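To start, the structure itself, in structure tokens.
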Amino acid sequence: MGVEDLTVKRAAPALPQLGAGPPWAQAYAKLALLITAGLDVIGGAFFEYALRWLLAVPVLAALLLLPVCALGLLAACLRCCR
-16 MGVEDLTVKR
-6 AAPALPQLGA
4 GPPWAQAYAK
14 LALLITAGLD
24 VIGGAFFEYA
34 LRWLLAVPVL
44 AALLLLPVCA
54 LGLLAACLRC
64 CR
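For the record, in the sequence shown the residue sitting at position 37 is 20 according to the working numbering, with numbers rising by one throughout.
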């Protein structure tokens, strides 16, 4: 038994062996590996990027609408006071 075998067994002892057991267990193991690998890749880049935009868009919209709201309020005040 080589060093590689020991590290693989220590790294993922809970993962079922692909190709062992009934077909439903094999499908479940493949699906679990795909989901975890996909979340690892997607989660690192996409969700961080999306979170930045979800936080940035309302702040930018508020900053852009602030002068418009101020001008509208000023116009309403001038109409009332005339």
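Glycine is no exception: its CB is placed at the ideal position from the N, C-alpha and C atoms. Just so you know, these numbers come straight off a predicted model, no measurement behind them.
Could you tell me the distance, in whole angstroms, from the CA atom of residue i to the CA atom of residue j?
i          : j          : result
residue 41 : residue 8  : 46 Å
residue 79 : residue 4  : Lying outside -16 to 65, the shown extent of the chain, residue 79 is not represented and no answer is given.
residue 46 : residue 54 : 14 Å
residue 44 : residue 6  : 52 Å
Quick one: is residue i buried, meaning 16 or more other Cβ sit within 10 Å of its Cβ, or exposed?
i          : result
residue -9 : Low local confidence applies: a pLDDT of 48 at residue -9 is under 50, so the model's placement there is unreliable, and no value is given.
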